[in-house]
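The block underneath contains the structure these notes are about, expressed in C-alpha cells.
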Amino acid sequence: MNETLDTHLQELRRGTVVLACLQLLRSPGYGYGLLEELERRGFATDANTLYPLLRRLEKQEYLTSEWNTEEARPRKFYRTSDAGIRLADTLTQDWLALTAAIATLTDQEN
Amino acid sequence: MTTKTTLTERYIAETVKSITPTAQDDVRAELAASIDDAIEARLDQGEPRDDAERAVLTELGDPAILAAGFADRPLHLIGPKYYLTWWRLLKLLLWIVPVIAMVGVTVANGIADEPIGKIIGEAIGVGISTMVHVAFWTTLVFFVLERTGADAGARWTVDALPEVHEDGTGRKDLIASLIFLGLATGALFWDRYIGFAVFTNDSVDVGSGLGAQTRAVAILNPDLWPWWIGGALVLIGAEALLAVAVYARRSWRPMLAVFNTVLAVVFAAGAVYLVATGQLMNPEFLDFTLYRTDVPGDVGRILSVLLIVGIVGVGVWDIIDGWLKTRRAQRAAQ
Numbered sequence: 009m010n011e012t013l014d015t016h017l018q019e020l021r022r023g024t025v026v027l028a029c030l031q032l033l034r035s036p037g038y039g040y041g042l043l044e045e046l047e048r049r050g051f052a053t054d055a056n057t058l059y060p061l062l063r064r065l066e067k068q069e070y071l072t073s074e075w076n077t078e079e080a081r082p083r084k085f086y087r088t089s090d091a092g093i094r095l096a097d098t099l100t101q102d103w104l105a106l107t108a109a110i111a112t113l114t115d116q117e118n
Numbered sequence: 057m058t059t060k061t062t063l064t065e066r067y068i069a070e071t072v073k074s075i076t077p078t079a080q081d082d083v084r085a086e087l088a089a090s091i092d093d094a095i096e097a098r099l100d101q102g103e104p105r106d107d108a109e110r111a112v113l114t115e116l117g118d119p120a121i122l123a124a125g126f127a128d129r130p131l132h133l134i135g136p137k138y139y140l141t142w143w144r145l146l147k148l149l150l151w152i153v154p155v156i157a158m159v160g161v162t163v164a165n166g167i168a169d170e171p172i173g174k175i176i177g178e179a180i181g182v183g184i185s186t187m188v189h190v191a192f193w194t195t196l197v198f199f200v201l202e203r204t205g206a207d208a209g210a211r212w213t214v215d216a217l218p219e220v221h222e223d224g225t226g227r228k229d230l231i232a233s234l235i236f237l238g239l240a241t242g243a244l245f246w247d248r249y250i251g252f253a254v255f256t257n258d259s260v261d262v263g264s265g266l267g268a269q270t271r272a273v274a275i276l277n278p279d280l281w282p283w284w285i286g287g288a289l290v291l292i293g294a295e296a297l298l299a300v301a302v303y304a305r306r307s308w309r310p311m312l313a314v315f316n317t318v319l320a321v322v323f324a325a326g327a328v329y330l331v332a333t334g335q336l337m338n339p340e341f342l343d344f345t346l347y348r349t350d351v352p353g354d355v356g357r358i359l360s361v362l363l364i365v366g367i368v369g370v371g372v373w374d375i376i377d378g379w380l381k382t383r384r385a386q387r388a389a390q
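Put into C-alpha cells, the structure is as follows:
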C-alpha cells in the first residue's frame, strides 16, 4: 500500500527537479552545493540522481559548465544557458497552468 | 598496486571505468569533489572520517548504476520500445525454425538408415539447440538495437488487429470435416474398385478411345482389404463422430482432445507401420513406378522416410491443435 503511494508521489514529482535545477542555476552552482540547496527548498533528491541529471542537461545544452580552480578544491560550476532559461520559463508556465487546473478540480469537489 | 587505496578512490575508479575516455577525467574530478564535499559536511557534524566516507559512498549506491546514469545507458536488456517487436518475432521464429531443423535432421537420418533411437534423440537435441540459438541471436540483435537506438520500423496500426479467434466449432467447420472425411472414404473405395493410377501398356493412339488402351491400377495394396482398410474406415467414422461432438457442444473439451489424441496416435502408428514394412503400396503400382529399371534404388527408401516424417508431423500437429483449442475454450469459459 505504502509502496503504491510512493510510486504515485514519485511520478508526480518527476520533472520538478529539472525545473528546480534550471531555476536555481540561473546563478552558478556546483554539484554538492546544489544538492543541499534543493533539499533546503523542498526538492529532496538523491545524489546519484542529481549528478547524472546535471550532465544530461549540460549535454542537451540547457546548462553550461566551467571549472573553478581558484579555491583549494576545484569544482565544476553549472549555469543555466539561454536555452535553459527558455525551457525553465516554458516549464514554469506549464506548472502554473496545471496548478490552476487542479485548483478548479478541487473547487468543484468542495 | 602495493599501497592500499581509499574506498573513495576505489569507488571513483569503478564508476569511471565504463565511461567514454573523453569524459572520464571530467567525471572523475567532479565526482571526487562532490564526494569530498559530502564527507566534509558529515565531518562538520562530528562524524568520524571512516564512518562519513562509508555513509556517503553507500548513499551514492552501486557505481555501475551511477556510471550508467552518466553515460546515459539503459539498465535493461530490452526496453518497452522494442520488447513487443522482440517477443512477437521470437515467438514466430520459435514456431518455425526448430520445426524445420527437426524435420530436416530426421529426414537426413532416416535416409542414412540410422536406428530409430538415434533419429529421435538427434531430433530432440537439434530442436533444443535450435531454440537456444534462435532465442540467443534474436535477443542479441535487439540488445544492440536498444543501445544504438535504431528504428525497428514496426508501427502498430489498426489493420494489424487479428480477427476474433475462430474456435473451429461452427457449422462451417463441421461441414468441412464431414466433406473431407467423405472424400477420403470415397477415395479408398475408388482406389480399390477402379484404381487411381493410370498406365498404358504401349504408346497411346490419341485417334481412338483411351479407355481400351490404358488400365487403372490401385495405389494402395489390395491385401490391406478388408482388415487394414476396415480399420481406416472405423477411424474415419470416429473422426466424423468427433467433429459432430465438437459441433454439438460448440466447444472443445479435455475428453474430446484425449479422443482426438488417441485417434491421431492410432492412425499415425498404423500408417507408419505399413510404410516401414513396405505393405502400404500396391506391388503392381510399384512395378510401374519405383521398380522400373531407370529409377535409382534409393528413391523408394527416401520417399518412405519423407512419408513417415509427414505422417508423424501431421499427427503431432493434429494433437497439438486439439489441445490448443481445448485450452482456448476453457479460458474463454472462465
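So the sequence lines, in the order shown, correspond to chains A and B. Using our numbering, read the first sequence as starting at 9 and increasing by one per residue. Using our numbering, read the second sequence as starting at 57 and increasing by one per residue. Built from N, CA and C at the ideal position, the CB exists for glycine as well.
Is the CB of GLU44/A under 9 Å away from at least one CB in chain B? yes
Does GLU109/B have its Cβ less than 9 Å from a Cβ in chain A? no
If the cut is a Cβ gap below 9 Å, which residues of chain A does ILE121/B touch? ASN56
For LYS67/A, the three-state DSSP class (helix, strand or coil): helix
Out of ALA385/B, PRO136/B, VAL200/B, ILE121/B, which one is the CA nearest neighbour of ARG306/B? ALA385/B
Would you kindly check if the distance between the Cβ of LEU27/A and the Cβ of THR100/A is under 9 Å? yes
What three-state label does DSSP hand TYR347/B in the structure shown? coil
Examine chain A for any beta-carbon lying closer than 9 Å to the beta-carbon of GLY117/B, and answer yes or no. yes
Flag this pair as touching only if the region 61-76 of chain A and the region 95-110 of chain B have three or more C-beta atom pairs under 8 Å; answer yes or no. At 8 Å Cβ cutoff, the stretches do not touch.
Going by DSSP in three states, GLY37/A sits in which element: helix, strand or coil? strand
How long is the line joining the alpha carbons of GLY50/A and VAL214/B, rounded to whole angstroms? 46 Å
Cβ shell of LEU119/A (< 6 Å), same chain only, five flanking positions each side left out: Outside the shown range of chain A, which is 9 to 118, sits residue 119/A, and nothing can be said about it.
For TRP151/B, which three-state DSSP category applies? helix
Taking ALA253/B as part of the alpha helix (DSSP H), name the residues at either end of that continuous run. Element bounds for ALA253/B: not the alpha helix (DSSP H) but the beta strand (DSSP E), 253-256.
What do you reckon, are the CB atoms on PHE252/B and ALA272/B nearer than 9 Å? yes
Please report how far the alpha carbon of VAL197/B lies from the alpha carbon of GLY183/B, in whole angstroms. Between VAL197/B and GLY183/B, the alpha-carbon positions lie close to 21 Å from each other.
Member of ALA288/B, ILE285/B, LEU312/B, ALA327/B whose CA lies at the smallest distance from the CA of LEU298/B: LEU312/B
Do VAL420/B and VAL190/B have their CB atoms nearer than 9 Å? With chain B covering only 57 through 390, there is no way to say anything about residue 420/B.
contact_flag[the region 122-130 of chain B, the region 53-60 of chain A] where n(CB pairs < 8 Å) is 3 or more: yes
Tell me the rounded alpha-carbon separation between ASN316/B and LEU359/B. 27 Å
Please go through the same chain and pick out, in chain order, the residues whose beta-carbon is closer than 6 Å to the beta-carbon of SER233/B, but skip the five residues on each side of it. ALA299
Cα separation between ASN165/B and ILE175/B? 6 Å
Should TRP103/A be labelled buried (16 or more other beta-carbon atoms within 10 Å of its own) or exposed? exposed
For GLY286/B, tell me which candidate among THR204/B, LEU146/B, GLY326/B, ASP350/B has the shortest Cα-Cα distance. GLY326/B
Does VAL361/B come within less than 9 Å of chain A when only Cβ atoms are used? no
What residues from chain B crowd round GLY39/A, counting only those whose CB sits closer than 8 Å? Result: GLU86, ALA89, SER90, ASP93.
Pull up the distance between the alpha-carbon of MET187/B and that of LEU133/B, whole angstroms please. 19 Å
Sequence ranges, alpha helix (DSSP H) only - wholly within the region 261-318 of chain B, length at least 4: 283-305
If you follow the alpha helix (DSSP H) that LYS446/B is part of, which residue opens it and which one closes it? In this structure chain B extends from 57 to 390, so residue 446/B is not present and cannot be described.
Which word fits ASP90/A, buried or exposed, when buried means at least 16 other C-beta atoms lie within 10 angstroms of its C-beta? exposed
Test: LEU33/A CB closer than 9 Å to a CB of chain B: no
Min CB distance VAL83/B to chain A below 9 Å: yes
For GLY246/B, three-class secondary structure by DSSP: It should be pointed out that residue 246/B corresponds to Trp in this sequence rather than to Gly. Correct three-state label for TRP246/B: helix.
Cutoff 9 Å: ASP128/B Cβ touching any chain A Cβ: yes
Would you tell me roughly how many angstroms separate the C-alpha atoms of THR141/B and GLU202/B, rounded to the nearest one? 12 Å
Identity of the residue in ALA108/B, ASP118/B, PRO104/B nearest GLU68/B by Cα: Checking the sequence shown, residue 68/B turns out to be Ile, not Glu. Here the closest residue by C-alpha is ASP118/B.
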